[in-house]
Every structure is written in C-alpha cells, then in structure tokens.
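If you read the protein sequences in the order shown, they are chains A and B. To convert a position in the first sequence, counted from 1, into the numbering used here, add 122. To convert a position in the second sequence, counted from 1, into the numbering used here, add 39. Ideal Cβ placement from N, Cα and C applies to all residues, glycine included. Small disclaimer: the values here were computed from a predicted structure and weren't measured. Everything below concerns the one structure shown next.
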Amino acid sequence: MTAKTKRSPKIICISSGKGGVGKTSFSVNVATALSQKGKAVLLIDGDLGLANVDVVLGLNVRHTIRETIEEGRDLSSSLVEINPRFHVLPASSGVPEMANLSYEEQALLTSSLEEIIDRFDYVLIDTAAGIGDSVLWFNTWSQVNIVILTPDPTSLTDAYALIKVLHTRHDRKHFHLLINSVQSKKEGQDVFANMSMVLERFLKITPLTLGAMPQDKSVSMAIRQQRPFLLGAPESKASLEIVAVAERIINL
Amino acid sequence: MSRKTPSDTALLYRSLEEQAGQHPVRAIRLTGKGPEPLGLLLIDAGVSASELTPILAGLRFTDQARPATIGCAKGKLPDLAWLRQQLAVELAQVQQSKLPCALLLITLSGQDAGASALAGQAAAALAPCLHPVDLLSGYHKNGLALILPGAAVGKARKRAEEIRATLRNTAFTKGTTGVTPTLALGIAVCHAYETIPADQLLALAEAELARAAKMGNDAICQSAAVRSEDSCQVTVEERAQLWMQPRKAARAAAGMAA
Numbered sequence: 123m124t125a126k127t128k129r130s131p132k133i134i135c136i137s138s139g140k141g142g143v144g145k146t147s148f149s150v151n152v153a154t155a156l157s158q159k160g161k162a163v164l165l166i167d168g169d170l171g172l173a174n175v176d177v178v179l180g181l182n183v184r185h186t187i188r189e190t191i192e193e194g195r196d197l198s199s200s201l202v203e204i205n206p207r208f209h210v211l212p213a214s215s216g217v218p219e220m221a222n223l224s225y226e227e228q229a230l231l232t233s234s235l236e237e238i239i240d241r242f243d244y245v246l247i248d249t250a251a252g253i254g255d256s257v258l259w260f261n262t263w264s265q266v267n268i269v270i271l272t273p274d275p276t277s278l279t280d281a282y283a284l285i286k287v288l289h290t291r292h293d294r295k296h297f298h299l300l301i302n303s304v305q306s307k308k309e310g311q312d313v314f315a316n317m318s319m320v321l322e323r324f325l326k327i328t329p330l331t332l333g334a335m336p337q338d339k340s341v342s343m344a345i346r347q348q349r350p351f352l353l354g355a356p357e358s359k360a361s362l363e364i365v366a367v368a369e370r371i372i373n374l
Numbered sequence: 040m041s042r043k044t045p046s047d048t049a050l051l052y053r054s055l056e057e058q059a060g061q062h063p064v065r066a067i068r069l070t071g072k073g074p075e076p077l078g079l080l081l082i083d084a085g086v087s088a089s090e091l092t093p094i095l096a097g098l099r100f101t102d103q104a105r106p107a108t109i110g111c112a113k114g115k116l117p118d119l120a121w122l123r124q125q126l127a128v129e130l131a132q133v134q135q136s137k138l139p140c141a142l143l144l145i146t147l148s149g150q151d152a153g154a155s156a157l158a159g160q161a162a163a164a165l166a167p168c169l170h171p172v173d174l175l176s177g178y179h180k181n182g183l184a185l186i187l188p189g190a191a192v193g194k195a196r197k198r199a200e201e202i203r204a205t206l207r208n209t210a211f212t213k214g215t216t217g218v219t220p221t222l223a224l225g226i227a228v229c230h231a232y233e234t235i236p237a238d239q240l241l242a243l244a245e246a247e248l249a250r251a252a253k254m255g256n257d258a259i260c261q262s263a264a265v266r267s268e269d270s271c272q273v274t275v276e277e278r279a280q281l282w283m284q285p286r287k288a289a290r291a292a293a294g295m296a297a
C-alpha cells in the first residue's frame, strides 16, 4: 500500500433505503474515480451479511470482515488492493449473523476500523439496503451521508424513510442525494426538487445534490464484466458523470 | 467510533455487564464526574458487601453496583431516591450511547392486600425474568419500578407483558391466605433525540400508571406522545407529496407516447 502516512480521512456512507438502485456500482466507480484523482481510498463493504463489492469487482476474497469479528483477525490482513490508491475491505455473503452485530461486535469492529482508516484520504462505506442496525450505525459513524435513489416511487419512499429515521432517531441533518438511472438531466432535477420539497416541508431538512447518473448500457455491461464502468467505458455518459461526482465529493 | 460516536465505551460496558450477569460476579460501574463510566469492576459474587465497601472507598469511586436488588424482601429493595439517582445516570447514558431507556412502574392493589409484602413477593417472582442490565427498586408502598436500559417502546411493552404474565402466575399470600392483586403497569421512554430529566420521565410513567390503574384488568399503558415520537413511519401526506412528481412524469410520458 502506498498510503502509509497518517491522514484524517473523510468517512462517507452510501445508502439507499431500497435495494437494487445502484449503490454498489456507484460506490465502486466513485472510489475508482477518486483514486484516479490521486486520493487514497478505502471502500468498505458495509453489507455485512450479503456482500457485493467483491462481486462487482470480480474479487475472489479469502478473508473478510467476518474473520475479524469472529476470530479477532487483524482487519488489515483482509484489505484487498485494487490499485495502489484503492483498497477494498470485503464482507461475507450468506451469513445472517453478520447482518445483526451485537454491541460488543460493533465496538470491536469500530476499534479495528479506527486502526486502519488513517492511511486513507477517503473511506467509503457501501451499506446494505433498508434501515437495519448496521445501516444506521454506519451512517451515524460517517461524516457525510449520501443517499442514492432512482425516480421510482418505491425508491423515493424508501430513501425518504431512511432519511427520516436517521434524522429523527440519530439527529442527522445533512444529506447528499444522488439520483441514479435518470432518462434525462431534467428528470434528475425534477426528482431532486420534489424530494427536497418533501424533506423541507416535513422534516425541515435541506438536502444537497451530488448529481444525477444517466441510464447507460455501459453500466449494466460493466457489472456483468465485473469491472468498473469507469475503466471499461471511460468516455460513456455514466463515466463522465461519475468523474464530476468525484470532483464534487472532493470539494465537500 | 471515537471520532463520531463517543458511545462505544458505553456500549462495550453494557455488553460486558450483560456477559457478567451470566457468571457469579458483580459488575460495578466506576463513575467519575462525567456521565461516561471510568471503568468496570468485576468482583466475585462470594465477596461480601462488608468486605467490598472499604475496598471501593479506598478506590475513591462511586459504587454504581447493579443489579444487587433482586429477589430480596421488600424491606431491602432500594427506594425511590435510589431510583431517581440511577435514572439520572441511565438518562445521561442515553445521550452517550444513543440507545433509549425505558422506565416501567408496576403497582399491586386490591383485596386489602398488605401492599408492601406483595411488592416484596413480586420482586422475588420477577428475579428470573430480569436482565442483567435492569435496575429494580421499590416504588412507594405497593409497587416496583424497573429501569430498562436500551429498551424503546416496543421492547419495553414486550417486557411489561412478560412481567404481567409472570405476576399473574405468581401465588401471592397474605399470611396463610392466598390473594390475587390487581396489577397496573405504566411505561415511559427516553430517546437520544430528546433530553428528559429523571423527574420528568418518572412523572410520565406515573401518568401512564394512573391511566392503567383506572382501566383496571391488569392494564399496561404507554403515552400516546411516546408512541408517536417512537414512530418514523412515512405518513400518508408524505407519500402523497413524494409520489406527485413521478406520477406527473409518467402522465407526461404517456401523453407524448400517444
């Protein structure tokens, strides 16, 4: 790993409420974009029971966060180097026990993460869908909360529910919205405007926009190829937008 | 984590206390001036209180032992003043740990029932269903108070129902005569997003207890305000607003296609 010096990383949580809206694809590609801009990035698979980051990147991992929780294994031994500036901390899949960590396990994971994150400029957490304990816990640990939603009413409702829980129960006030899979720039703007209006009216929250990712065939193709679309199709609409989003994240 | 959630120490201590409850040891919180515990002392259960007191005094910490009050006679149950003190400590913990805390008040009445003796019998009967982190005390002459750290309304209600079932199955006696007291249970909950002093939480629980007593039939009551605050359900109005834009967009798209 090249990022050995101690840093004060920005911890960013990426959640959605509803599943299948593109959290993992976004997380992997924005992490790739940040690393291309010279930033040391750690992407944590926060879906502890049904991990996907390793799948999207085509990694066949031997060790995951699970070994740290269950065997006390050093978390840094589970880190996977994607490139010298981009590391992944994979999680396990098909392990229901990992989806609901006890207080003690949360505390152990917390202290273990604290030991490794200061090597990075950015720590991204790709959480599970829903409003489970681990999702809320990762969100409260983070400094920046990104919520991904699509124009579908189901996604809008679930994203709103997640924000409502985080605001009402955990006193989170600042949210960055990323509208995924839009047909046009205008649709992205309309969805953001509508969500902003509802959040302001009912929760007195003013969200910020991170942008709108266009529908793009290169995205689904890249997922099947288990490769970031930013690398497979760097000139695609989605890639151009993800680079712009990475720039906005740097400027947060 | 230390950077964003200073609650981890509290979570760890609570977890250790829960584990300690499964072994023959006493877990004693060592508290300083702040709400965060300074440490956790595990003492063999065989060490007597008379031996322990001078040791703790030598350490110059406040003894926050828990729970050393279960299964004893009513006369030995801690009183309301102790309850207020413990409640204040737990409510400070709510802000640290971001976990809720519930207060459950229980009274036993009816049939000229020798109230204080019944409360003692109830405390003994409840011993098996208490969790290691629960704090039990007496409440006036005819009742018990139970602090449930980590419990929100749903969990507190479930615990109250378990407790009611246990007490209903308990054979209370007055002298040699069997008695069946009427129960009333009142619940109040404090969440991390609100700051409630101990006296206010006690008053909320007392109001619910009074309501339950009035209803009779071993009722359990919790305040409507608490129920509403505990819910994050997306309302009908919120949904209507959320769906307005996608419906409008779908109509426009259908119009263009036509």
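At a cut-off of 9 Å between C-beta atoms, Q280(B) counts as an interface residue with respect to chain A.
In its chain, beyond the 5 residues on either side, G225, I226, A227, C260, Q261 and S262 have a beta carbon closer than 7 Å to the beta carbon of E247(B). With respect to L147(B), T212(B) sits apart: the two C-beta atoms are not nearer than 9 Å.
Residue-level contact by beta carbon fails for M343(A) and chain B, as no gap is shorter than 9 Å. For A315(A), at least one C-beta of chain B is nearer than 9 Å to its own C-beta. About 6 Å separates the beta carbons of P131(A) and D243(A), which is inside the 8 Å limit, making them a contact pair. The C-beta distance from V152(A) to I371(A) rounds to 7 Å, short enough to meet the 8 Å contact threshold. DSSP places P218(A) inside the alpha helix (DSSP H), whose first and last residues are P218 to A221. If you ignore the 5 residues before and after M343(A), its C-beta comes within less than 8 Å of the C-beta of F351, G354 and A355, all in its own chain and listed in chain order. The criterion of a C-beta distance shorter than 9 Å is not satisfied by L181(A) and S214(A). At least one CB atom of chain A sits nearer than 9 Å to the CB of Q284(B). G182(B) is bridged by DSSP to T146(B) and Y178(B).
Taking C-beta atoms under 8 Å as the contact rule, E56(B) and P171(B) qualify, at a distance of about 6 Å. At a cut-off of 9 Å between beta carbons, C271(B) contacts chain A.
Annotated as proximal: I364(A) and A155(A), with beta-carbon spacing under 9 Å. Beta-bridge partners assigned by DSSP to Y244(A): K132(A) and V163(A). Residue pairing of S215(A) in beta bridges, as defined by DSSP: L172(A).
When V177(A), L235(A), P206(A) and L164(A) are compared, the shortest CA-CA separation from G194(A) is found for L235(A). As the crow flies, the alpha-carbon of A251(B) is around 10 Å from that of A244(B). For the 9 Å CB-CB criterion, G168(A) and I247(A) form a contact. Closer than 9 Å at the C-beta level to chain B, one finds no residue of the stretch 188–212 of chain A. Closest by C-alpha distance to K161(A), out of N205(A), S256(A) and I327(A), is N205(A).
Nearest CB-CB separation between E129(B) and chain A: not below the 9 Å threshold. Judged by DSSP secondary structure, A223(B) falls within the beta strand (DSSP E) whose first and last residues are T221 to C229.
Taking C-beta separations shorter than 6 Å and ignoring five residues to either side along the sequence, the partners of H230(B) in its chain run P139, following chain order. Taking the Cα of F324(A) as reference, the smallest distance to any Cα among T331(A), N316(A) and L330(A) is reached at N316(A).
Restricted to the stretch 233–317 of chain A, the beta strand (DSSP E) segments that are unbroken, complete and at least 3 residues in length are 244–249, 266–271 and 297–304, listed in chain order. A straight-line Cα-Cα distance of about 13 Å links L144(B) and L165(B).
In terms of Cα proximity to L119(B), the closest of L174(B), M283(B), L79(B) and L169(B) is L174(B). Under a criterion of Cβ atoms nearer than 8 Å, the residues of chain A adjacent to A288(B) are, in order, P273, E309 and D312. With respect to chain A, the C-beta atom of L51(B) has a partner C-beta closer than 9 Å.
Cβ proximity to chain B below 7 Å picks out nothing from the stretch 140–168 of chain A. Within the stretch 325–338 of chain A, not one residue has a Cβ closer than 7 Å to any Cβ of chain B. Remark: fewer than three beta-carbon pairs, one from each stretch, lie closer than 8 Å, so the stretch 193–213 of chain B and the stretch 120–135 of chain B are not flagged as touching.
By the CB criterion at 9 Å, T209(B) and Q160(B) fall inside the cutoff. Between L362(A) and H298(A), the gap from beta carbon to beta carbon reaches 9 Å or more.
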